[in-house]
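Just below is one structure, and these are the notes that go with it.
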Amino acid sequence: MVEKIHYEKELISLIIRNDFYKEGLEFFTDDLSFQQLGYMNRDAGYEIPPHIHNVVTRSIDRTQEVLFIKSGRVRIDYYNQNKVFLESKIVCKGDIILLASGGHGFYMLEKSEIVEVKQGPYCGDADKTRF
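Residue numbers (my numbering): 32 to 162.
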């Protein structure tokens with residue numbers, strides 16, 4: 032299952048639950064998203080030809096994060112760009128989360144391991160506003 036959290040017309044987050052299953056290829060983000068998030072389910076013997084990624088200049092004005100919940104249970108609190116609380120979701124082992132826009136906070140409901148992927152370079156204090 033895939034859950035989408037929106038505020039007005041803006042995508043705040045995608046949650047790809049551990050039980051998501053589909054044959055083939057599925058991209059959850061559109062071509063203009065700063066972070067591309069997709070899923071592949073291929074049979075043994077399927078081949079992706081060797082390739083390199085070309086140097087392409089991109090303009091990115093927002094950080095998007097992808098979280099992999101390796102273990103535990105985590106509550107994610109979502110906020111709009113004005114720091115107004117929207118809703119909370121609980122994620123568990125195996126869930127994948129794209130944090131696309133707005134704000135967010137986390138509360139560990141159990142001891143949890145999370146793997147985070149986001150664009151760099153990291154800009155220190157200029158990178159985020161805590162509230």
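Quick reminder that beta carbons are idealized off the backbone N, C-alpha and C, glycines included.
* Ordered along the chain, which non-local residues of its own chain (more than five positions away) have a Cβ less than 6 Å from that of residue 98? -> 128, 145, 147
* **Top-ranked residue by Cα proximity to residue 130, from 150, 115, 113, 75** => 150
* For residue 156, the three-state DSSP class (helix, strand or coil) -> helix
* Asked: What did DSSP end up calling residue 106 once you bin it into helix, strand or coil?
  -> strand
* Asked: Using a Cβ-Cβ cut-off of 6 Å (strictly less than) and excluding sequence neighbours within five positions of residue 60, which residues of its own chain qualify?
  -> 67, 68
* Completely contained beta strand (DSSP E) runs for the region 105-154, where each covers 3 or more residues -> 116-123, 127-130, 134-139, 144-149
* Assigned secondary structure, residue 99 (DSSP; H/G/I helix, E/B strand, else coil) -> strand
* **DSSP state of residue 44 mapped onto helix, strand, coil** => strand
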